[in-house]
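Worksheet: one structure, shown below.
2 protein chains.
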Amino acid sequence: MQPAQILDNIQKHISVSQPEKELIESLLVLQRVPKKEVLLETGKVATEIHFVSEGVLRAYFTDREGDQNIVMFAMNDWWITDMYSFSTGNPAQLTIDALEDSVVYSLSKTNLEFLFLKVPAFERFFRILMQNAYVREQSRIIQNLSMPAEERYRQFLTKYPQFAERITQKQIASYLGITPEFLSSLRKKSNA
Amino acid sequence: MQPAQILDNIQKHISVSQPEKELIESLLVLQRVPKKEVLLETGKVATEIHFVSEGVLRAYFTDREGDQNIVMFAMNDWWITDMYSFSTGNPAQLTIDALEDSVVYSLSKTNLEFLFLKVPAFERFFRILMQNAYVREQSRIIQNLSMPAEERYRQFLTKYPQFAERITQKQIASYLGITPEFLSSLRKKSNA
DNA sequence: CCCAACACTTAATCTACCTTAAGAAATCAG
DNA sequence: CTGATTTCTTAAGGTAGATTAAGTGTTGGG
């Protein structure tokens with residue numbers, strides 16, 4: 003296992019000594035996730051957070067009508083879990099699965115807390131991660147409140163071109179909170 | 003100044019020694035914010051985070067049509083700022099003002115970073131704050147994606163009864179992403 | 001290589017929510 | 001206390017986006 007990628011990601015925010023790096027590596031579990039495999043199921047407790055090394059994952063919420071609402075995508079260098087469940091220990095509201103064959107490094111909550119004790123800077127790293135996640139979610143709320151679907155779609159394309167290329171329009175529509183049919187009609191309009 | 007309240011809030015998550023308490027207190031600035039006064043204006047940089055001791059504040063985004071979209075309310079024991087601006091140093095997207103005469107304790111970014119150095123547990127406190135904020139925003143996104151306005155309104159009433167009592171329906175409508183007229187019609191329906 | 005499943009499109013119809021407008025009720029500044 | 005401003009309501013008409021349904025790609029497992 004050589005999770006150089008994950009250490010690079012961490013070192014963008016904090017500096018870690020060689021022994022600390024080795025400790026971090028030793029707590030990460032490499033996991034291959036074939037397309038369609040479920041990493042976390044609604045109702046179970048999220049005991050791990052996952053760093054995406056390869057591929058694409060999604061987290062979605064299934065509503066009463068049985069419709070899937072995509073809450074987030076994750077690819078290269080993103081961390082993903084059901085943070086509500088991970089934080090509180092309550093059952094997960096989200097399902098996480100792979101949209102492509104993927105590779106993740108998983109870190110258990112126990113080991114994360116152990117890291118917080120052993121590598122104090124890791125608490126800082128995680129604080130920055132959570133702060134960025136908060137800012138991202140809030141800016142999505144602003145967009146949902148203030149912009150029509152067409153503009154949200156355009157912003158999605160410019161903000162996440164990596165996703166736009168690899169993810170089906172059905173998934174994008176679900177992320178934007180519209181139907182695939184309506185997204186299709188938006189695309190037709192903007193191509194014309 | 004006796005910000006016992008704020009220290010209680012902090013000690014719900016971390017423990018701090020007496021000298022640390024005194025340090026924290028010394029970095030907080032008490033600020034009275036009369037109703038309608040603006041604490042942070044769009045376009046300026048958010049250099050402080052505010053702990054609400056009394057009253058009610060709101061943060062809103064003004065869209066191209068000039069409409070105000072309320073991103074968050076804050077009262078007793080909530081922390082509020084434009085976290086995007088506070089984090090990055092870029093101009094704020096939000097305006098923060100008081101809906102009632104309020105009292106806040108403000109902590110500058112410089113002093114917060116100083117605290118992170120001097121009181122390592124404060125990094126943990128802030129990590130928890132950001133983690134909770136992330137979870138809250140994500141659950142709001144889930145609601146916006148998966149529920150019609152009527153149900154979002156009902157959930158708002160049960161989740162934030164303190165707000166529901168003190169905030170006008172116009173503000174609540176803006177938070178829910180609907181017009182006051184439509185909210186009024188929902189209320190009529192559910193009373194009948 | 002084939003067929004079954006799924007993704008994408010088109011179009012007609014429908015509905016949740018918006019806009020506009022105007023009156024009634026509440027709040028507020030002087 | 002009073003006029004002015006703002007909030008809340010009601011109602012008519014309008015639109016963004018949903019639903020349904022059917023047809024046309026694409027994809028992928030056997």
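Protein chains in written order, with the working numbering: chain A, 3 to 194; chain B, 3 to 194. Each residue gets a CB set at the ideal place from its N, CA and C atoms; glycine is no exception.
For a cutoff of 7 angstroms on Cβ pairs, would you count Q171 of chain A as touching chain B? Residue mapping note: residue 171 of chain A aligns to position 169 of the first sequence, counting from 1. Chain B, which has no Cβ nearer than 7 angstroms to the Cβ of Q171 of chain A, makes this no.
If we cut at 7 angstroms on Cβ distances, does L147 of chain A have a partner in chain B? Locating residue 147 of chain A in the first sequence gives position 145, counting from the first residue. Yes - at least one Cβ of chain B is within 7 angstroms of the one on L147 of chain A.
For M3 of chain A, count neighbouring Cβ atoms within 10 angstroms of its own Cβ and tell me buried if that reaches 16, exposed if not. If you number the first sequence from 1, residue 3 of chain A lands on position 1. With a pLDDT of 48 at M3 of chain A, under the threshold of 50, the modelled position of that residue is not reliable, and the figure given next carries that caveat. That one is exposed.
Should R60 of chain A be flagged as near chain B, meaning a C-beta pair shorter than 7 angstroms? One-based indexing of the first sequence puts residue 60 of chain A at position 58. So no, R60 of chain A is outside the interface.
Option nearest A151 of chain B by Cα separation, candidates B:S186, B:Y136, B:P122 and B:A135: The residue given as residue 151 of chain B occupies position 149 in the second sequence. From the listed residues B:S186, B:Y136, B:P122 and B:A135, the smallest Cα separation to A151 of chain B is found for B:S186.
Which of helix, strand or coil does DSSP assign to Q25 of chain B? Position 23 of the second sequence, counted from the start, is the residue given in the question as residue 25 of chain B. In the sequence on display, residue 25 of chain B carries Leu and not Gln. Looking at L25 of chain B - three-state DSSP - the assignment turns out to be helix.
Do T1 of chain B and A48 of chain B have their C-beta atoms within less than 7 angstroms of each other? Any property of residue 1 of chain B remains undetermined from this structure, which presents chain B solely from 3 to 194.
In this structure, does DSSP put L119 of chain A in helix, strand or coil? One-based indexing of the first sequence puts residue 119 of chain A at position 117. The answer is helix: DSSP assigns L119 of chain A an H, G or I state.
Alpha-carbon to alpha-carbon, F124 of chain B and L178 of chain A: In the first sequence, counting from the first residue as 1, residue 178 of chain A sits at position 176. In the second sequence, counting from the first residue as 1, residue 124 of chain B sits at position 122. Going by the C-alpha atoms only, they are around 36 angstroms apart.
Which residues in the same chain as M74 of chain B place their Cβ atom closer than 6 angstroms to its Cβ, once the five residues preceding and following it in sequence are excluded? Mapped onto the second sequence, residue 74 of chain B falls at position 72. Cβ neighbours of M74 of chain B beyond the five flanking positions: A61.
Residue range of the unbroken beta strand (DSSP E) whose run includes D99 of chain A: The sequence position of residue 99 of chain A within the first sequence is 97, counting from 1. Unbroken beta strand (DSSP E) run through D99 of chain A: L96 to A100.
When the distance is taken between beta carbons, is E22 of chain B closer than 7 angstroms to V121 of chain B? Taking the first residue of the second sequence as position 1, residue 121 of chain B is located at position 119. Taking the first residue of the second sequence as position 1, residue 22 of chain B is located at position 20. It is a contact, given that the beta carbons lie within the stated cut-off.
Quick check: the stretch 93 to 112 of chain B against the stretch 51 to 67 of chain B, are there 3 or more CB pairs under 8 angstroms? yes
Residues of chain A with a CB under 7 angstroms from the CB of E27 of chain B: which are they? For the purposes of this step, residue 27 of chain B is identified with residue 25 of the second sequence, where counting begins at 1. Residues of chain A passing the Cβ test: none, with the nearest at roughly 22 angstroms.
Using a beta-carbon distance cut-off of less than 7 angstroms, what residues from the stretch 133 to 158 of chain B approach chain A? Q133, A135, Y136, V137, E139, Q140, S141, R142, I143, I144, N146, L147 and S148
When Cβ atoms are compared, which residues of the stretch 173 to 184 of chain B fall closer than 7 angstroms to chain A? G179
Test item: CB-CB of Q133 of chain B and S89 of chain A under 7 angstroms: Locating residue 133 of chain B in the second sequence gives position 131, counting from the first residue. Locating residue 89 of chain A in the first sequence gives position 87, counting from the first residue. Their beta carbons are under 7 angstroms apart, which means Q133 of chain B touches S89 of chain A by this criterion.
Tell me the residue span of the beta strand (DSSP E) that contains T64 of chain A. On the first sequence, position 62 is the one that residue 64 of chain A refers to. Segment L59 to T64, the beta strand (DSSP E) holding T64 of chain A.
N71 of chain A: contacting residues in chain B (beta-carbon distance under 7 angstroms): For this step, residue 71 of chain A is matched to residue 69 along the first sequence. The contacting residues are I144, L147 and S148.
Going by the beta-carbon positions, is the gap between D37 of chain A and A100 of chain A smaller than 7 angstroms? Position 35 of the first sequence holds residue 37 of chain A. Position 98 of the first sequence holds residue 100 of chain A. Asp is not the amino acid found at residue 37 of chain A; the sequence shown has Lys there. It is a contact, given that the beta carbons lie within the stated cut-off.
In this structure, what does DSSP give as the bridge partners for N71 of chain B? Along the second sequence, one-based indexing puts residue 71 of chain B at 69. N71 of chain B is bridged to B:F63.
Just reading off the alpha helix (DSSP H) that Y155 of chain B is part of, what are its end residues? What you label residue 155 of chain B is simply residue 153 of the second sequence in a count that begins at 1. Y155 of chain B -> alpha helix (DSSP H) spans A151 to K161.
Check each residue of the stretch 73 to 86 of chain B: if its Cβ is closer than 7 angstroms to any Cβ of chain A, include it; give the result in chain order. Answer in chain order: V73, M85 and Y86.
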